[in-house]
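Have a look at the structure below before the remarks.
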Amino acid sequence: MSAATRSGRAKQGAEDQDAFIARRKRSWEELEALLSVGKELHRRDGAEISQTASLYRSVCADLMRARASYGPELVRYLDGLAARSHNTLYGTRAYRLIALWELVARDFPRTLRRRWRFFALASALFYLPFIFGLLGTLASSDFATTILPPQQLAMMEEMYQQGFDAGRDAAEDSAMAGFYVLNNVGIAFRCFATGILFGVGSLFFSIYNGLVIGVTLGWVIRVGYGANILTFICSHGPFELTAIVISAGAGLQMGWALIKTDGLTRLASLRAQARELGHLIMGAAAMLVIAAGLEGFWSPSSLPPPVKWTASGVFTLLVIAWLGFGGRARRPHPSPLGATTGGATWAKGSSKGRPA
């Protein structure tokens with residue numbers, strides 16, 4: 000075969016590739032645009048998912064043709080586009096985990112900050128009775144017995160009498176962790192769910208829980224075991240108490256949606272708040288699970304009190320950072336490939352296998 004013949008066939012092959020790119024470029028750019036949205040699969044509408052799947056099948060066919068006939072740069076581009084499409088469509092399990100993480104780490108704190116008034120109100124309804132109960136019990140034992148039965152106070156006294164220098168065995172830790180999950184979730188659920196009574200239930204349980212916890216703490220301190228109970232609760236308290244207050248705030252928000260409907264039916268008004276309420280409850284649930292793990296395994300351990308108090312400070316700062324700064328928008332960094340989509344980076348012609 001002469002050099003002129005080989006040159007002519009190479010030129011014809013390049014022209015075929017250019018025609019192929021020109022014909023398929025719009026489809027690739029459309030798929031690039033769908034993938035660049037960044038939404039997880041479950042957040043896309045049905046038409047968008049269907050279109051992504053159709054374009055993915057097309058790009059797979061284009062990739063097979065490119066591997067058989069065209070240049071390596073075009074093959075690499077189509078291979079990357081197909082891989083990204085596959086991950087978007089079929090990596091649903093990973094996306095569910097990512098979505099759960101984003102909900103807890105991003106959507107939850109954002110929603111809490113946006114609805115800070117309900118959180119502030121719930122905090123006041125919880126912590127003011129807490130302080131009242133604590134100070135009242137420290138001032139008078141009769142005050143405590145008017146709030147809680149003497150038998151319950153005696154049980155709390157006995158529970159913290161020995162301290163936790165010896166720790167607990169692993170089986171007991173596991174059992175207690177399960178108990179704490181059920182107990183804490185039950186308290187938080189009552190604070191939230193009773194908000195359906197136009198917020199009255201959430202208001203009541205916020206005051207009640209704050210008062211009872213304050214009286215209990217004051218009683219144990221009064222009888223001389225304050226160091227034991229404070230060292231026990233210092234680590235899991237930042238998560239547990241904050242989660243209970245958040246749950247109550249969500250209940251108050253739900254109750255307010257039933258009162259101030261803005262012209263909607265009460266059901267429609269409640270539905271309009273459903274997404275935010277879901278964020279708050281899922282975030283509070285995550286905090287309660289963390290608290291239960293700490294309360295079951297870390298708090299009753301034989302670790303020295305200074306270690307637990309140091310951890311308490313770290314956990315408190317972590318909660319503040321999570322709720323105060325989680326999900327805040329970051330300043331975008333320029334892409335090393337430029338501001339255009341993947342398909343548009345092949346802008347310098349197609350003679351070497353690049354889509355124009």
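Just so we're aligned: the sequence shown equals residues 0 to 355 in numbering that gives the first Met the number 0. Every residue, glycine too, gets a C-beta built ideally from N, C-alpha and C.
Residue of the options minimising C-alpha distance to residue i
| i | options | result |
| --- | --- | --- |
| proline 128 | Arg75, Phe204, Asp61, Arg105 | Phe204 |
| alanine 121 | Ser201, Gly262, Pro71 | Ser201 |
| serine 301 | Phe163, Val180, Leu80 | Phe163 |
| aspartate 61 | Ser49, Ala52, Val74 | Val74 |
| alanine 138 | Ala32, Cys190, Ile220 | Ile220 |
| proline 303 | Lys259, Trp100, Leu124, Thr230 | Thr230 |
| valine 199 | Ile258, Gly70, Tyr159, Leu293 | Ile258 |
| tryptophan 321 | Ala283, Pro299, Ala119, Ser298 | Ala283 |
| methionine 253 | Thr264, Phe238, Leu269 | Leu269 |
| valine 356 | Glu47, Ile195, Glu239 | This structure leaves residue 356 out entirely; the chain is present only between 0 and 355. |
| glycine 326 | Asn86, Val36, Val103, Gln50 | Val103 |
| phenylalanine 314 | Ile20, Gly236, Ala267 | Gly236 |
| alanine 81 | Ala52, Pro71, Phe191 | Ala52 |
| asparagine 183 | Tyr69, Ala267, Arg265, Ala285 | Ala285 |
| methionine 124 | Leu263, Leu251, Ala143, Asp261 | Checking the displayed sequence, the identity of residue 124 turns out to be leucine instead of methionine. Of Leu263, Leu251, Ala143, Asp261, the residue nearest in Cα terms is Leu251. |
| alanine 273 | Gly225, Ala187, Glu156, Ala192 | Ala192 |
Three-state secondary structure (DSSP) of residue i
| i | result |
| --- | --- |
| tyrosine 207 | helix |
| alanine 18 | helix |
| glutamine 50 | helix |
| tyrosine 55 | helix |
| glutamine 160 | coil |
| glycine 248 | helix |
| threonine 344 | Since pLDDT at threonine 344 reaches only 45, below the 50 mark, its modelled position is unreliable, and no value is offered. |
| valine 103 | helix |
| valine 36 | coil |
| tyrosine 179 | helix |
| cysteine 233 | coil |
| phenylalanine 238 | helix |
| leucine 196 | coil |
| valine 74 | helix |
| valine 222 | coil |
Distance cut-off 7 Å: residue i Cβ against heavy atoms of the ligand NAD
| i | result |
| --- | --- |
| alanine 32 | The model depicted lacks the ligand NAD and carries no ligand whatsoever. |
| said: Taking contact to mean 3 or more Cβ pairs, one atom from each stretch, closer than 8 Å, check whether the segment 202 to 209 and the segment 287 to 298 are in contact. | reply: no
| Is it true that the segment 99 to 114 meets the segment 270 to 280, where meeting means three or more beta-carbon pairs spaced less than 8 Å apart? | yes
| query | Is it a yes or a no for the segment 129 to 144 touching the segment 214 to 233, going by three-plus beta-carbon pairs under 8 Å? | reply | yes
| query | Do the segment 301 to 310 and the segment 238 to 247 touch if we need at least three Cβ pairs shorter than 8 Å? | reply | no
| query | Which residue spans inside the segment 254 to 335 form an unbroken alpha helix (DSSP H) run of at least 4? | reply | 265 to 292, 304 to 324
| Quick check: the segment 19 to 31 against the segment 51 to 61, are there 3 or more CB pairs under 8 Å? | yes
| said: What ranges does the alpha helix (DSSP H) occupy inside the segment 77 to 153, keeping only unbroken runs of at least 4 residues that lie completely in it? | reply: 91 to 101, 107 to 113, 115 to 138, 140 to 146
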